[in-house]
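*Asks:* Okay, so the sequence shown: first residue is 1 according to full-length UniProt numbering, each after it adds one. Cβ coordinates follow ideal geometry from the N, Cα and C atoms, glycine included.
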Amino acid sequence: MCFLALIILTRLLPVILNYPPGYKEASKVIASSIFLRQFLSVTIGSVLVNLILMKVLKVLYNWKDAVNNSDYEKIKLIREKCLSAPYRIYSIQILIPATVLFIMLFVFTLTNKSTIYFRIMFLVFSLVSLFSVFTYILSNRIFKQVLVETFDNHGLQGIRFGLKSKIFIQIVPIFVSTVLLTSMVGYSRLIEEKGNIYSQLFMSKLDYSLQDINSVISYDSIKKKLSEIDYSESNFSTFLITTDNKVITSDQEDLSKINLYYINKPTPNLQGRFYDVTCETQGVFRKIPAGNNNVIVGIKFKVASPKTVNYFIGCFMALLLLCIIVLYYFAKSITSDISVVAANLSKIAEGDKVNLDKKIPIASNDEIGELIVAFNKIQELTKANIKSINEQQAMILEKERLASLGQMIGGIAHNLNSPIMTIACLIDTLNNLANEYKNSIGDRDVTNEDHIEIANEILDCINKISPQCSYMSKIISNVKLQAVKLNESSTESFTIDELIKTLNIKLNHNMPENSLIIPQIQVEKHLKIQGDINSLIQVLDNLLQNACESYQDDYGSVDFIVQKDNNNIKFIIKDNGKGIPVEVKSKIFKEMITTKGKNGTGIGLYMSYSTIKGRFGGDIWFESDGDKGTAFYITVPYVS
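Listed below in structure tokens is the structure:
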């Protein structure tokens, strides 16, 4: 790329900068440093900025070693550099020349000096702008291969540039370079044509002024003739070179060495014309015989006009502004449809609610239109898949409901079996007592004491049947209550603060006096949980009651901790009571089992498990270690 830049520069530089005819010979004799400095300044400016690419590309040297060694931190760093490097290279290549250019533009506007260095900077900026686009495209292709090879599915990294920005950074430099190069070539042709016209004009004026002078009479008479030359359209000065090579000028400025080179080494093709470093300053001269030597008389004039340069700059700025405005709306028209597709795909990927029935309208028959068609098809497939998944989930939930119902019925049957068998035995006893009493009627051997004894035995059986009936009624009532709550669906949400306040109200009425609940709220109270607040309070209240009752008649404390656990709220209820027996642990949540004897039904923990799993999509488990007590854990997701 650098070699290509050198070839282009050797061809463009003489044209753009208006080098005079025979500048190569002139540079060998007197002005080599001037032309060499100009050439080197453009070459170094173009090549030096591109050397940045070589430094940044060092990131490619060790990416394969990082992949082979599974150095993930290094791979991540390489990926970030690969994504950011093209934009950094581009920024440096554009910003450095642009900054220098605008500084020179400001200086040129203030001083109105020669445009030579200003045009050099324009040329450097144009070429670097073109090369920056090429290096951006090239580096993107190179780094893309590295990014594909090091793909780790860890999402986006590095500097992000939108499609609109990419269109800008690739098209605007090409437009700017094209306009600048075209303008500079046009300006150089204008200088050339204008120089020819001025040369003919001033040559005719010079010849007219000197037509009566065939030889040198006196220097003053020649200077008087020269002072009579007038032309208001150009900035010019007259000069006289005496026979002893003394230079006398009308503006008190000496002729440059390159001026004297062209005057003293006239070329037939130039026909009495001479030049400065560029064709922006030219002149004409005539030789007047003065004895054995000649006196040289001439006019030096400026071809360049600051007004013309300012006109070019104004047109360029106007065209650039117009290009940016048109390009902005062009890029916006391309990216708007793509942004809609990307936004909808992101919503689908993130699980947000998307109206899958609403299609994106197709407004163009091109690649973007094909993208929208493909997205609409994906949307249809997503809709069909969601419908299929919902149907399958409904089937799974129905199976789980039937399985849970079977387990619940089995647990109820197990819990009711014992009281039913007891009542059946007592009914048999009552039946025997009734027959015995019936047979004793009219029997004179049966005394009143015997009748009283039979009656007492009947009352005893009735007293034993009554608590068994109450126990069965309690089981049925609890099952009915929990079943009704499970069937109720709620789309409402509640905050942690609302939950804690409502739970405290309930606990203040139900807690045993020998227990102390120590709350530790370690989450933000504004966090929300989706579901029925009363169902969760029922579960927490049941667990807290069980924890307090684990101390029996002793005094004890219960830790009630609320904390965050990833995307969940974790409730911890911990006591230091007697713990859960080993033989009961495996049956918790699976059967309606209790350690309270006739004081418990075992349905609380069983239904708590169903509530947390089925209604809140959470989890519940416990840890119990003999005399160290028991800890129950509940996690439910919070609304983000």
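1) Might you give, ordered along the chain, the residues of its own chain that have their beta carbon closer than 7 Å to the beta carbon of K164, omitting 5 neighbours on each side?
2) Reducing DSSP to helix, strand and coil, say where S84 ends up.
3) Hey, out of Y638, K564 and N546, whose CA is closest to Y622's CA?
4) Counting along the chain, where does the beta strand (DSSP E) carrying S232 start and finish?
5) DSSP on V284, reduced to helix/strand/coil?
6) Taking the beta carbon of R11 as the centre, do at least 16 other beta carbons fall within 10 Å, making it buried, or is it exposed?
7) Less than 9 Å between the beta carbons of P97 and V133, yes or no?
8) Are the segment 269-286 and the segment 300-313 touching by the rule of at least three beta carbon pairs closer than 8 Å?
9) Any contact between the segment 576-584 and the segment 619-636? By contact I mean 3 or more CB pairs, one from each, below 8 Å.
10) What does DSSP give as the partner residues of E623 in its beta bridges?
11) Of the choices I137, N293 and N355, whose alpha-carbon is the least far from that of I169?
12) Could you pull out every residue in the same chain whose Cβ sits closer than 8 Å to the Cβ of Y198, ignoring the five residues on either side in sequence?
13) L270 and P14 - do their beta-carbons sit closer together than 9 Å?
14) Considering only DSSP beta bridges, list what F274 is partnered with.
15) Give me whichever residues DSSP pairs with V636 in a beta bridge.
16) G298 bridges to which residues according to DSSP?
17) Could you say which of K359, D357 and I454 lies nearest to K438 if we only look at CA atoms?
18) Could you say which of K525, R119, E73 and S346 lies nearest to S188 if we only look at CA atoms?
19) Go ahead and pull the three-state DSSP assignment for G618.
20) Which of the three DSSP states, helix, strand or coil, is assigned to I213?
21) With contact counted as at least three CB pairs below 8 Å, one residue from each stretch, are the segment 551-563 and the segment 513-527 in contact?
22) Give the DSSP-derived three-state secondary structure of Q252 in the structure shown.
23) Rank A342, K347 and T249 by C-alpha distance to the C-alpha of L371 and give the top, closest one.
24) Within a Cβ cutoff of 6 Å, which residues of the same chain sit near K598, ignoring the five residues on either side of it in sequence?
25) Looking only at C-alpha atoms, which of S227, G195, F616 and Y219 sits nearest to S209?
*Replies:* For this structure:
1) A331, K332 and T335
2) helix
3) A quick correction: the sequence has Phe, not Tyr, at residue 622. Comparing Cα positions, the closest option is N546.
4) No beta strand (DSSP E) holds S232; DSSP gives it neither H nor E.
5) strand
6) exposed
7) no
8) yes
9) yes
10) A631
11) I137
12) S234, Q282, F301 and V303
13) no
14) G283
15) I569
16) F239 and F285
17) I454
18) R119
19) coil
20) coil
21) yes
22) coil
23) A342
24) Note on K598: pLDDT 49, under 50, position unreliable in the model; no value is reported.
25) S227
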